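*Asks:*
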Amino acid sequence: GGSIFHQRQHPEASKAFAHGLPVVVAKLDRLSRDVEHIAGLMKRADFKVATMPGAKTLELHLYAMLAQQEREFISQRTKEALQKLSDRAVAGDAVSQQKVINRAASLAKGRTKASQAKGGGLLSVALNPSQRASAIPWSFVYCVAPKPTRA
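Read left to right, the sequence shown gives residues 83 to 233 (my numbering).
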């Protein structure tokens, strides 16, 4: 049971797979960056990768592993950048504070659904633009940086 794609993320691919039609993607990582998901697709669906038209199963698995590794690298770089942004905001940098506020507002509007799906919850307080980042509760900036440890 269940769709092999999230309808919102890949509506046309979902329709094609539901009707047993083949799908062509530009690059494998546009289909997914998860080895397990790609392996499941390989078993249940007919798809081709335009950049690798003659790719065999082994090659697709290798590229799936590389795509997943890249996703993990992107995630790590993003976390590090958000931590640095949070640190600058807490130190009083006005531009960084505004970026934290803007990101939180985007989360509240559901614009960064991937972050929400990974636990970057909604706002726990209402913001006004004049608030300083140092006054924002840590539960609020969870999506920006992990809660600091207190010695």
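The beta carbon of each residue, even a glycine, is placed where N, CA and C say it ideally should be.
Small disclaimer: the values here were computed from a predicted structure and weren't measured.
By Cβ distance below 6 Å, which residues in the same chain neighbour GLY102 in space, the five residues on each side in sequence not counted?
*Replies:* Here the set comprises nothing.
*Asks:* In whole angstroms, give me the CA-to-CA distance for VAL107 and GLU118.
*Replies:* Going by the C-alpha atoms only, they are around 18 Å apart.
*Asks:* Looking at the structure shown, is LYS191 part of a helix, part of a strand, or coil, going by DSSP?
*Replies:* LYS191 falls in the coil class under three-state DSSP.
*Asks:* Tell me PHE129's beta-bridge partners as DSSP assigns them.
*Replies:* Answer is VAL105.
*Asks:* Give a yes or no on whether the C-beta atoms belonging to LEU144 and VAL131 are separated by under 9 Å.
*Replies:* Going by C-beta atoms, LEU144 is not nearer than 9 Å to VAL131.
*Asks:* Please confirm whether any heavy atom of the ligand NAD lies closer than 8 Å to the CB of ALA98.
*Replies:* The ligand NAD is absent from the structure shown, which contains no ligand whatsoever.
*Asks:* Going straight from the alpha carbon of ALA163 to that of LYS181, what length do you get?
*Replies:* Taking the straight line joining both Cα atoms gives about 12 Å.
*Asks:* So what does DSSP say about ALA176, is it helix, strand or coil?
*Replies:* Helix.
*Asks:* Does DSSP put ARG115 in a helix, in a strand, or in coil?
*Replies:* Coil, per DSSP.
*Asks:* Confirm, please, whether the CB-CB distance from ALA127 to VAL105 is below 9 Å.
*Replies:* For VAL105 and ALA127, yes; Cβs fall inside 9 Å.
*Asks:* Under DSSP, the alpha helix (DSSP H) around PRO93 begins and ends at which residues?
*Replies:* Taken as a continuous stretch (DSSP letters only), the alpha helix (DSSP H) holding PRO93 covers 93-100.
*Asks:* Look at the alpha carbon of ARG112 and the alpha carbon of ALA187, and state the distance between them as a whole number of angstroms.
*Replies:* Their backbone Cα atoms lie some 28 Å apart in a straight line.
*Asks:* Figure out for me which residue from THR160, LEU123, ALA146 has the closest Cα to the Cα of PHE235.
*Replies:* With the chain covering 83 to 233 only, the question about residue 235 has no answer from this structure.
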